[in-house]
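Same order as they appear, the protein sequences are chains A and B. Just so it is clear: in the first sequence, position 100 is 100 by the numbering used here, and no numbers are missing. Going from the second sequence to the numbering used here is simple: count from 1 and add 114. Let me begin by presenting the structure, written as structure tokens, before commenting on it.
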Amino acid sequence: AQSVTQLGSHVSVSEGALVLLRCNYSSSVPPYLFWYVQYPNQGLQLLLKYTSAATLVKGINGFEAEFKKSETSFHLTKPSAHMSDAAEYFCAVSDWSGANNLFFGTGTRLTVIP
Amino acid sequence: NAGVTQTPKFQVLKTGQSMTLQCAQDMNHEYMSWYRQDPGMGLRLIHYSVGAGITDQGEVPNGYNVSRSTTEDFPLRLLSAAPSQTSVYFCASKGNGKNTEAFFGQGTRLTVV
């Protein structure tokens, strides 16, 4: 079965600093991986997704993620944090059964310090 | 575009009461699902549907029922609410294929007292 693990339930960075949110996956087959963002009192929206076309994936709002098979990782990065990036971030993996279910990590809350 | 619409946004129930959380999507997606979000646990799949008339259990189905009579609607029923069902509930829909984006509703915050 597929699963993802997010290291660090809370991450704090200074405005302008590098953002690094970690995600490791467990899958016996090449996975489809996603990062979603949730702003306060809202639903989730897609930041980016990995679909095997390219290992470095660029998403919205300046975020990107790199798929590293050797490390079973899909970490999310942004070179320079902005106050508006404060939110909760979820890594997810697509189920390889016919149902296409998404399974989520436990989330990382990002705080940006002015 | 409406996307995925959930109602109500907030609800308080007494233990033992029943209610239905509504979810509707206007994107003609075959796949729909319900998740619950609890602090430190991420989103956990309750039930899902791959098309009208077809439903199946997710990771945490106990205490919840679903049905899918139309492509657009996927209601979630709590037959006898318990305090352990206090949570934020999200409905999602997605197109066919494992790499397609899931679209989420705004959530329903449910408190069972």
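Idealized CB from N, CA, C, for every residue including glycine.
Could you give the DSSP three-state label for residue i: helix, strand or coil?
i: G62 (chain A); result: helix
i: S201 (chain B); result: strand
i: D95 (chain A); result: coil
i: M146 (chain B); result: strand
i: M83 (chain A); result: helix
i: S70 (chain A); result: helix
i: G165 (chain B); result: strand
i: K78 (chain A); result: strand
i: E215 (chain B); result: coil
i: K247 (chain B); result: Nothing about residue 247 (chain B) can be reported from this structure: the residues present for chain B run from 115 to 227 only.
i: A116 (chain B); result: coil
i: Q45 (chain A); result: strand
i: E88 (chain A); result: strand
i: S26 (chain A); result: strand
i: F188 (chain B); result: coil
i: D140 (chain B); result: coil
Determine whether the beta carbon atoms of residue i and residue j lie at a separation below 8 Å.
i: Q151 (chain B); j: V202 (chain B); result: yes
i: R182 (chain B); j: S163 (chain B); result: yes
i: Q136 (chain B); j: L224 (chain B); result: no
i: V57 (chain A); j: L48 (chain A); result: yes
i: Q120 (chain B); j: T184 (chain B); result: no
i: V19 (chain A); j: D85 (chain A); result: yes
i: L190 (chain B); j: W148 (chain B); result: yes
Given this structure, state the Cα-to-Cα distance separating residue i from residue j, to the nearest angstrom.
i: H161 (chain B); j: F188 (chain B); result: 10 Å
i: V121 (chain A); j: Q220 (chain B); result: Past the boundaries of the shown model lies residue 121 (chain A); chain A is included only from 1 to 114, so the question cannot be answered.
i: Y50 (chain A); j: A87 (chain A); result: 21 Å
i: N24 (chain A); j: S3 (chain A); result: 9 Å
i: F34 (chain A); j: G59 (chain A); result: 10 Å
i: P114 (chain A); j: M155 (chain B); result: 28 Å
i: T111 (chain A); j: G167 (chain B); result: 43 Å
i: P153 (chain B); j: Y32 (chain A); result: 25 Å
i: L159 (chain B); j: Q171 (chain B); result: 8 Å
i: A65 (chain A); j: C91 (chain A); result: 11 Å
i: M141 (chain B); j: N210 (chain B); result: 12 Å
i: F63 (chain A); j: A54 (chain A); result: 15 Å
Problem - Touch test, the stretch 210-222 of chain B against the stretch 126-133 of chain B, Cβ-Cβ under 8 Å, three pairs minimum - result: no
Handout entry: Residues from the stretch 193-208 of chain B in contact with chain A, defined by Cβ distance under 7 Å
Key = F204 and K208
Problem - Against chain A: residues of the stretch 156-167 of chain B by CB proximity under 7 Å - result: G156, L157, L159, Y162 and V164
Practice task
Decide yes or no for the touch test of the stretch 37-46 of chain A against the stretch 9-20 of chain A: beta carbon pairs closer than 8 Å, at least 3 of them.
Solution key: no
Exercise for the section: May I ask you to verify whether the stretch 58-73 of chain A touches the stretch 101-113 of chain A, counting CB pairs closer than 8 Å and requiring at least 3? Expected result: no
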